[in-house]
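> So the sequence lines, in the order shown, correspond to chains A and B. Per the numbering used here, the first sequence runs over residues 269 to 497. Per the numbering used here, the second sequence runs over residues 269 to 497. Idealized CB from N, CA, C, for every residue including glycine. Predicted model only: the values in this text are computed from it and were never measured. My questions all concern the structure below.
Number of protein chains: 2
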Amino acid sequence: MHGRCENCIIRELNSFKALKKEELKRISDSKVSKIVKKGETLFAEGEKLNGVFCVRSGVSKLSKMSNNGKDQIVKIATKGEVLGQRSVISDESTNLSAVALNDMEVCYIPKQHLQESLNNNVEFTKAVLVHIASDLKFADNIIVNMAQKTVRQRVAETIKYLEDNFGKDNEGYISITLTREDIANIVGTAKEACIRTLSSFKKENLIATDGKRIKIEDKKALYRLIEGF
Amino acid sequence: MHGRCENCIIRELNSFKALKKEELKRISDSKVSKIVKKGETLFAEGEKLNGVFCVRSGVSKLSKMSNNGKDQIVKIATKGEVLGQRSVISDESTNLSAVALNDMEVCYIPKQHLQESLNNNVEFTKAVLVHIASDLKFADNIIVNMAQKTVRQRVAETIKYLEDNFGKDNEGYISITLTREDIANIVGTAKEACIRTLSSFKKENLIATDGKRIKIEDKKALYRLIEGF
DNA sequence: CCTAAAAAATGACATTTGTCATTTTTTACT
DNA sequence: AGTAAAAAATGACAAATGTCATTTTTTAGG
Numbered sequence: 269m270h271g272r273c274e275n276c277i278i279r280e281l282n283s284f285k286a287l288k289k290e291e292l293k294r295i296s297d298s299k300v301s302k303i304v305k306k307g308e309t310l311f312a313e314g315e316k317l318n319g320v321f322c323v324r325s326g327v328s329k330l331s332k333m334s335n336n337g338k339d340q341i342v343k344i345a346t347k348g349e350v351l352g353q354r355s356v357i358s359d360e361s362t363n364l365s366a367v368a369l370n371d372m373e374v375c376y377i378p379k380q381h382l383q384e385s386l387n388n389n390v391e392f393t394k395a396v397l398v399h400i401a402s403d404l405k406f407a408d409n410i411i412v413n414m415a416q417k418t419v420r421q422r423v424a425e426t427i428k429y430l431e432d433n434f435g436k437d438n439e440g441y442i443s444i445t446l447t448r449e450d451i452a453n454i455v456g457t458a459k460e461a462c463i464r465t466l467s468s469f470k471k472e473n474l475i476a477t478d479g480k481r482i483k484i485e486d487k488k489a490l491y492r493l494i495e496g497f
Numbered sequence: 269m270h271g272r273c274e275n276c277i278i279r280e281l282n283s284f285k286a287l288k289k290e291e292l293k294r295i296s297d298s299k300v301s302k303i304v305k306k307g308e309t310l311f312a313e314g315e316k317l318n319g320v321f322c323v324r325s326g327v328s329k330l331s332k333m334s335n336n337g338k339d340q341i342v343k344i345a346t347k348g349e350v351l352g353q354r355s356v357i358s359d360e361s362t363n364l365s366a367v368a369l370n371d372m373e374v375c376y377i378p379k380q381h382l383q384e385s386l387n388n389n390v391e392f393t394k395a396v397l398v399h400i401a402s403d404l405k406f407a408d409n410i411i412v413n414m415a416q417k418t419v420r421q422r423v424a425e426t427i428k429y430l431e432d433n434f435g436k437d438n439e440g441y442i443s444i445t446l447t448r449e450d451i452a453n454i455v456g457t458a459k460e461a462c463i464r465t466l467s468s469f470k471k472e473n474l475i476a477t478d479g480k481r482i483k484i485e486d487k488k489a490l491y492r493l494i495e496g497f
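Here it is, written out as structure tokens:
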């Protein structure tokens with residue numbers, strides 16, 4: 269609970285692995301560990317952040333409200349992700365809000381320390397740069413999918429994404445369970461359309477469901493569908 | 269034509285302003301100035317780049333082909349933009365292709381020099397980081413628009429974007445002229461839908477057109493439409 | 001200035017997706 | 001285990017968008 273960053277294995281997953289010992293010590297001394305319950309907000313769109321959140325466990329959605337009242341999920345962040353990073357880098361308020369999808373353990377790190385490292389440790393700055401560049405590439409792909417793929421294809425892609433990133437339990441179901449509405453908000457469609465699409469996938473034996481849980485039954489066919497057949 | 273980077277005013281527009289004199293000299297010695305004609309490809313999706321392109325004049329579209337054969341434009345790059353940067357940072361092949369929308373003057377800079385500066389000059393690395401972070405924020409916004417806004421709203425938004433970024437000529441027409449198909453590829457819709465939407469905007473006196481040229485006639489109404497009224 | 005090719009425009013229609021209303025099922029809690 | 005609330009599922013219909021065919025207009029080049 270109150271471990272030291274120096275010993276935290278999570279940092280192997282993010283840019284913090286490029287930090288030097290002294291830097292880690294300083295960060296560790298000022299960081300605050302927090303438990304965030306399912307449904308709670310880490311930060312809201314437009315807020316000015318004075319630090320970042322390093323995710324130790326649990327899952328958070330990063331989303332942006334659109335004028336029609338729908339929440340578009342832009343990213344699902346899990347263990348190792350550093351939330352609020354972009355906004356600290358540019359010294360702007362956040363463009364996204366972060367809400368816990370299940371109970372989370374996070375460390376809050378005041379931004380001064382990060383900024384100092386960004387200003388002095390090229391290795392760290394470069395690591396952050398590479399990470400953000402990869403987020404950008406990912407975002408470009410989402411744009412293309414949103415613009416060019418059907419809801420069916422995007423639902424299929426989202427299921428694949430969830431399995432690839434969160435794995436399966438011992439029964440073969442995708443480990444992360446989202447509400448149909450959250451899935452719809454990733455896909456960028458109405459929840460009814462999302463539900464119908466999942467039902468149709470079930471009829472076609474592409475997937476099986478049990479409550480909220482989803483299992484991919486015919487991976488090949490699902491992948492073909494994503495590619496447009 | 270063969271000016272020195274040290275004297276190039278374009279670099280005030282991008283991260284190159286954070287480079288030191290020696291760095292600029294080295295880059296200047298190895299850079300190659302090129303003229304790229306309208307319609308020509310600077311680089312294609314999937315290509316491995318050995319350098320970046322700094323745009324001195326002209327406009328390029330950055331796009332990605334989707335499986336249905338449509339080209340999704342992700343960004344319009346103009347004076348000062350550095351193309352291929354993301355791919356050099358991550359040392360991967362590019363995820364986008366770049367095609368000139370009109371005649372361009374660009375400088376090709378071999379990647380070694382950039383990488384050296386990224387490894388040694390924190391100021392530069394940070395400047396690049398801030399720039400990529402801003403691209404990411406922009407991309408997040410596009411995702412939300414694609415997912416949640418109608419074609420009408422997105423066409424309106426694209427027109428606003430073009431006027432804001434490329435200005436108007438002395439008759440009030442937007443300075444950059446794209447084909448309807450290119451506009452459709454920014455909006456993420458079929459060209460017929462794009463044409464129909466523009467025609468309807470014309471009927472409603474939101475815009476006026478003359479050939480490819482577009483002029484915003486009722487900015488307020490157009491902006492209201494973007495917001496969803 | 002003329003002409004072929006490209007782009008824009010339009011019609012007709014199919015398909016996809018969104019919206020609203022309602023019922024059924026699941027979940028969380030005592 | 002029982003119950004209220006939330007989530008999922010489904011039907012019916014409207015609206016938005018895509019596709020294909022065709023005509024009209026514009027543009028580029030000799």
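Taking the beta strand (DSSP E) that residue 304 (chain B) falls in, what are its first and last residues?
300–304 is the span of the beta strand (DSSP E), which, as asked, contains residue 304 (chain B).
> Starting from residue 322 (chain B), trace the beta strand (DSSP E) both ways and give me its first and last residue.
Start and end: 319–325.
> Exposed or buried, what is residue 366 (chain B) when buried is set at 16 or more other beta-carbons lying within 10 Å of its beta-carbon?
By the neighbour-count rule (16 or more Cβ atoms within 10 Å), residue 366 (chain B) is buried.
> On the DSSP bridge list, what partners appear for residue 340 (chain B)?
The partner list for residue 340 (chain B) (beta bridge, DSSP) reads B:332.
> Is the CB-CB distance between residue 470 (chain B) and residue 461 (chain B) below 8 angstroms?
No. Outside cutoff.
> Classify residue 339 (chain A) as buried or exposed, calling it buried when 16 or more other Cβ atoms lie within 10 Å of its own Cβ.
Result: buried.
> Could you have a look at residue 393 (chain A) and say whether DSSP puts it in helix, strand or coil?
Helix, per DSSP.
> Where in the stretch 344–387 of chain A do unbroken runs of the beta strand (DSSP E), each at least 3 residues long, occur, reported from the N-terminal end onward?
Correct list: 365–368, 372–378.
> Taking beta-carbon pairs under 8 angstroms, can you tell me which members of the stretch 370–400 of chain A lie near chain B?
Going along the stretch 370–400 of chain A in chain order, one finds 386, 387, 388, 389, 390, 393, 394, 396, 397, 398, 400 with a Cβ nearer than 8 angstroms to chain B.
> Strictly below 7 angstroms CB to CB, what residues from chain A border residue 338 (chain B)?
Near residue 338 (chain B) (Cβ distances below 7 angstroms), the residues of chain A are 416.
> How about the stretch 340–358 of chain A and the stretch 351–363 of chain B: do they share at least three Cβ pairs that are nearer than 8 angstroms?
No, the stretch 340–358 of chain A does not touch the stretch 351–363 of chain B.
> Contact defined as beta carbons within less than 8 angstroms: I believe residue 299 (chain A) pairs with residue 376 (chain A). What is the distance between those atoms, to the nearest angstrom?
At roughly 6 angstroms, the Cβ-Cβ gap stays under 8 angstroms, so residue 299 (chain A) and residue 376 (chain A) are in contact.
> Express the C-alpha separation of residue 390 (chain B) and residue 274 (chain B) in angstroms, rounding to a whole number.
Near 19 angstroms, if we compare the C-alpha coordinates of residue 390 (chain B) and residue 274 (chain B).
> Comparing the C-beta of residue 269 (chain B) with each C-beta of chain A, is any distance below 8 angstroms?
Bear in mind that the predicted position of residue 269 (chain B) carries a pLDDT of just 48, short of 50, making it unreliable; the figure below should be weighed with that in mind. No, residue 269 (chain B) does not count as interfacial toward chain A.
> Can the beta-carbon of residue 373 (chain B) be found less than 8 angstroms from the beta-carbon of residue 303 (chain B)?
Yes, the Cβ-Cβ distance between residue 373 (chain B) and residue 303 (chain B) is below 8 angstroms.
> How big is the Cα-Cα spacing for residue 454 (chain B) and residue 293 (chain A)?
Cα to Cα, residue 454 (chain B) sits roughly 47 angstroms from residue 293 (chain A).
> Tell me the DSSP bridge mates of residue 442 (chain B)?
Residue 442 (chain B) is bridged to B:436.
> Counting only the same chain and skipping the five closest in sequence on each side, list residues whose C-beta sits under 6 angstroms from that of residue 295 (chain B).
Only 273, 377, 381 meet the Cβ criterion.
> Compile a chain-ordered list of the residues in the stretch 348–362 of chain B whose CB is closer than 7 angstroms to at least one CB of chain A.
So the list reads 354, 357, 358, given in the order they occur along the chain.
> Return the chain-ordered list of same chain residues with a C-beta closer than 7 angstroms to the C-beta of residue 482 (chain A), the five sequence neighbours on each side being excluded.
Around residue 482 (chain A): 427, 441, 442, 475.
> How about the stretch 418–427 of chain A and the stretch 486–497 of chain A: do they share at least three Cβ pairs that are nearer than 8 angstroms?
Yes: the two stretches touch, three or more of their Cβ pairs being nearer than 8 angstroms.
> In this structure, how does DSSP classify residue 422 (chain B) when only helix, strand and coil are distinguished?
It is helical.
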